[in-house]
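Trainee:
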C-alpha cells in the first residue's frame, strides 16, 4: 500500500508540473498509474481461489491411513487425531494454518501446515512441518485455470530413509491431492514416486468436522 501511495503522489506531481499544455498527457499518465495501482491491490487481496479453501477451516476429527508404516499392504490407522485449521488474519487471510495433534503408531504425532494460493503464480502452495520428517515438506502446484474441484499439488523431498535404506539421500517426487467433498468432510492423499517405480499412495487422511 505504501508503494501505491507513492505512485499516486508522483502522478499528482506530474500533473501539477505539466500545466495546461501537458494536461492531456498527464491525464494519460495518471490513468495508466491508477491501473497499475489497482492491479497491485488485486494481487494483494484474497480472491475466489482462496475462497475455495473456506470449507477447510474449522476443527476436525481425522483418521490417518499410513501405508509406509503398515504391513502386507494394509495401512497403519490412527483414529485419535484432532486438527484445527484457521485463516491467519495477520496475513490478510491469504493463508490457512493447520495444527494437528494425535498419535501415529503409538507415538505422539504433531504437524503444522500452511496452505495458500499465490495470486502472482496462480498456484496453490502447501508446506508442512512435523515431528516425524526431519525437513519441511514443500509443495508448489501447477498454474491454475478456472476453479478446480480437486487440488493436486506436487513437490519433492530428500528421503531420510522412509522408503528404505536404499533411498536415503535421493530426491523423491511427491504429490498431495485435496478433495473437498462437503463443508463437513474432505481428504488429503499423499503420493510418492520412488525412482524407477510408479506413483503410489503412502498416506490418506479423512477429515470429519467436529461438533464440540
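Residue numbers (mature numbering (1 follows the signal peptide of the UniProt record, and there is no 0)): -26 to -1, 1 to 186.
Ideal Cβ positions, reconstructed from N, Cα and C, are used throughout, including at glycine.
Indicate whether the contact test is met: 3 or more Cβ pairs, each with one atom in the stretch 131 to 149 and one in the stretch 104 to 112, closer than 8 Å.
Mentor: A contact exists between the stretch 131 to 149 and the stretch 104 to 112.
Trainee: If you scan the stretch 65 to 95 from start to end, which runs of the alpha helix (DSSP H) of 4 or more residues do you find wholly inside it?
Mentor: Within the stretch 65 to 95, no complete alpha helix (DSSP H) run reaches 4 residues.
Trainee: Considering only C-alpha positions, which residue in the set 92, 137, 140 and 122 is nearest to residue 113?
Mentor: With distances taken between Cα atoms, residue 113 lies closest to 92.
Trainee: Going by DSSP, what residue range makes up the alpha helix (DSSP H) through residue 114?
Mentor: First-last for residue 114: 111 to 114, but that is the beta strand (DSSP E), not the alpha helix (DSSP H).
Trainee: Taking just the CA atoms, how far does residue 185 sit from residue 166?
Mentor: In a straight line, the C-alpha of residue 166 is about 33 Å away from that of residue 185.
Trainee: Give me the Cα-Cα distance between residue 60 and residue 37, rounded to the nearest whole angstrom.
Mentor: Using only the alpha carbons, I get a separation of about 19 Å.
Trainee: If we call anything under 9 Å between Cβ atoms a contact, is residue 42 one with residue 152?
Mentor: No, these two residues do not count as a Cβ contact at 9 Å.
Trainee: Helix, strand or coil: which one does DSSP assign to residue 25?
Mentor: In the structure shown, residue 25 sits in a helix (DSSP, three-state: H, G or I).
Trainee: Taking residue 148 as the reference, give the member of 55, 136, 54 and 183 with the closest Cα.
Mentor: Considering only alpha carbons, the answer is 136.
Trainee: Tell me residue 32's beta-bridge partners as DSSP assigns them.
Mentor: Partner(s): 59.
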